[in-house]
Structure formats: C-alpha cells, structure tokens
Amino acid sequence: MRERSAAVLEGAQGAPRVAPDAAWFTRSPQEVALGLLDAHVRAKSADGAVTVRLSEVEAYGGADDPGSHAFRGRTARNAAMFGPPGHVYVYFTYGMHWCANLVTGPDGEASAVLLRAGEVVEGVELARTRRPTSRTDRDLASGPARLANALGIRGGHDGADALDPGGAVSLRVREVPAGGVAGGPRTGVSGDGGLARYPWRYRLEGDPTVSRYRAA
DNA sequence: CTCGAGATGGCCT
DNA sequence: GGCCATCTCGAGT
Numbered sequence: 052m053r054e055r056s057a058a059v060l061e062g063a064q065g066a067p068r069v070a071p072d073a074a075w076f077t078r079s080p081q082e083v084a085l086g087l088l089d090a091h092v093r094a095k096s097a098d099g100a101v102t103v104r105l106s107e108v109e110a111y112g113g114a115d116d117p118g119s120h121a122f123r124g125r126t127a128r129n130a131a132m133f134g135p136p137g138h139v140y141v142y143f144t145y146g147m148h149w150c151a152n153l154v155t156g157p158d159g160e161a162s163a164v165l166l167r168a169g170e171v172v173e174g175v176e177l178a179r180t181r182r183p184t185s186r187t188d189r190d191l192a193s194g195p196a197r198l199a200n201a202l203g204i205r206g207g208h209d210g211a212d213a214l215d216p217g218g219a220v221s222l223r224v225r226e227v228p229a230g231g232v233a234g235g236p237r238t239g240v241s242g243d244g245g246l247a248r249y250p251w252r253y254r255l256e257g258d259p260t261v262s263r264y265r266a267a
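Residue 214 in the numbering used here is what sits at position 163 of the first sequence, and the numbering runs on without skipping anything.
See the structure below:
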C-alpha cells in the first residue's frame, strides 16, 4: 500500500518556537503529535547538548488502543504513561534499543507520542560520537531508537519533566503548527485495522530525515 | 537505492 | 515461551 502525501509546513515557516506548558500536552495524543512536528527537542548531559528537529511522530492511546503499551493496563514499565503530561516516557525494546515518548492527556490517563525521527540541529558532533554507525548525518536520528540514542536518552530519563526549560530534556514547539501532514501506517497493529482505524503516524512529507522503516 | 536476516533481553501471559 | 513501537550489515538491482 502506498502512502498519500499532503502539504507541508504551511504557515509554520518562520513561526517562532515556544516552550509548551502542561495545558499544551493535556490534549489528545493525535493533536499533540501534530503540534510536535517541526518542534525542537533538546537533551543535555555532561557531554553537552543535542537538539533534534522532529520530522516524524506517532500517537498512542491507552486502554482503547491495541497498539499501546498501556492497552493492558498499568505496569511498572509503562507507569510514566499514566503520569502527568509533558513528561518523558522511555522504554527498552528488542533487547537493544531505547525509545522516547512524551506523555499526553490528563494525569492518570495513559497516552503518549513516540518520537520517531528528526534532524540533528545542535550538537551534531556529539550525536556522531553516539551514533558511529551513521553513514550520513541524516541517519543520526532517522528512527525512534536512533533519535533517542542521538539525544543520549536512556532508561534514566523515564519520567523526566520535559516542561522544565532547565531540565535534562526540554522542548520548543512551533507557535503555529506545521500542519498538513499525512497520517501513515502504524507499526504494532496487525491486520487491516492498522491504518484504517489508527492512522496516527505523522511526518513532515518529503523531509529527508523521516525514518525509512514503514509498517508492511 | 532496495531487500532479507540475525541479534538480543525485558516484559507479559 | 512468545512477543516485540528496531537497527545494522551484506548482497542484489
């Protein structure tokens, strides 16, 4: 199945990026996901800071979403998803990789947006040292685990408050949403319902840094 | 550029 | 014990 495209970055070009507050994240994961496109995610550590401009994200619901880690209820692993909005939810997958999400919706309800891909716009040299296998800079954060790795986000960041501008992870979102982005197929939802029922994967169409891994 | 296969460990049933 | 919200590498077009 081929994906359809849509307009890109209309109105957002030149719009300032601002630090979001809790209310900004207290919305549906789909709304937040669209708002996060073209946002800056910054992570600082003792080594320095890396900032990624997001080009691809994916929304996850809670008990109503079979593709969500929270589908079967709260566990120690997914506890951050049930916590306050604007915090980081980090999980370990495939025995190797960390992936970073931002929690959405009211405290106590589980939903989040997975950060799938982006472009490193600050700290490229540090990101290269963390991702020595990247052949080109566009691959530094072109995938969920690649992005988390480039930012230096690991399990220790689980639950971190991304609304604190001075925190280890901080955000600046477009004052005018990038908008006009197609919903692509999701991973993790088998069968024909994947795209039809949960078209919650969003990207900046034509952006060279989007992940090349697309669900079958 | 694309495709296919293997690695690898925590979580959930 | 099976299942992954994946990545890298090698080989083929």
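Backbone N, C-alpha and C define an ideal beta-carbon position, used for all residues, glycine too.
**Q.** Own chain, CB closer than 6 Å to residue 199, minus 5 neighbours either side, in chain order
**A.** Cβ-Cβ distances below 6 Å link residue 199 to 149, 150 and 151 in the same chain, with the five nearest sequence neighbours on each side left out; the list follows chain order.
Q. Taking the Cβ atom as the reference point for each residue, do residue 108 and residue 88 lie within a distance shorter than 8 Å?
A. For residue 108 and residue 88, yes; Cβs fall inside 8 Å.
Q) Do the CB positions of residue 101 and residue 166 come within less than 8 Å of each other? A) No, Cβ-Cβ distance for residue 101 and residue 166 is not below 8 Å.
Q. Which ranges would you report for the alpha helix (DSSP H) in the stretch 169-243 if only whole runs of at least 4 residues count?
A. Here the runs fully enclosed are 175-181 and 195-202.
Q: Could you name the residues of the same chain whose beta carbon sits closer than 7 Å to that of residue 258, not counting the 5 residues immediately before and after it, in chain order?
A: Beyond the five residues adjoining it in sequence on each side, residue 258 comes within less than 7 Å, by CB distance, of 106 in the same chain, given in chain order.
(Q) Quick check on this structure: which residue in 143, 131, 112 and 135 has the alpha carbon closest to the alpha carbon of residue 76? (A) Closest in C-alpha terms to residue 76, from the list 143, 131, 112 and 135, comes 135.
Q.
Given a cut-off of 8 Å on the beta-carbon distance, is the pair residue 155 and residue 168 in contact?
A. Note that the C-beta distance between residue 155 and residue 168 is not below 8 Å.
Q | DSSP beta-bridge partners of residue 78 | A | Beta-bridge annotation (DSSP): residue 78 is not paired with any residue.
(Q) Please identify the residue among 74, 183 and 113 whose C-alpha is closest to the C-alpha of residue 160. (A) That would be 113, whose Cα lies nearest to the Cα of residue 160.
(Q) Just verifying my parser: in three-state terms, what is the DSSP assignment at residue 100? (A) When secondary structure is reduced to three states using DSSP, residue 100 falls in the strand class.
Q: Could you check which residue in 83, 224 and 260 has the C-alpha nearest to that of residue 189?
A: In terms of CA proximity to residue 189, 260 leads the group 83, 224 and 260.
Q) Do you know offhand how far residue 129's Cα is from residue 142's? A) Answer to the nearest angstrom: the Cα atoms are 8 Å apart.
Q | Start-to-end residues for the beta strand (DSSP E) that takes in residue 151 | A | Taken as a continuous stretch (DSSP letters only), the beta strand (DSSP E) holding residue 151 covers 148-154.
Q | Sequence-distant residues of the same chain with beta carbon closer than 7 Å to residue 182, five excluded per side | A | Hits under 7 Å: 191, 197, 200 and 201.
Q: Return the chain-ordered list of same chain residues with a C-beta closer than 8 Å to the C-beta of residue 242, the five sequence neighbours on each side being excluded.
A: Low confidence applies to residue 242: its pLDDT is 46, below 50, so where it sits in the model is not reliable enough to give any reading.
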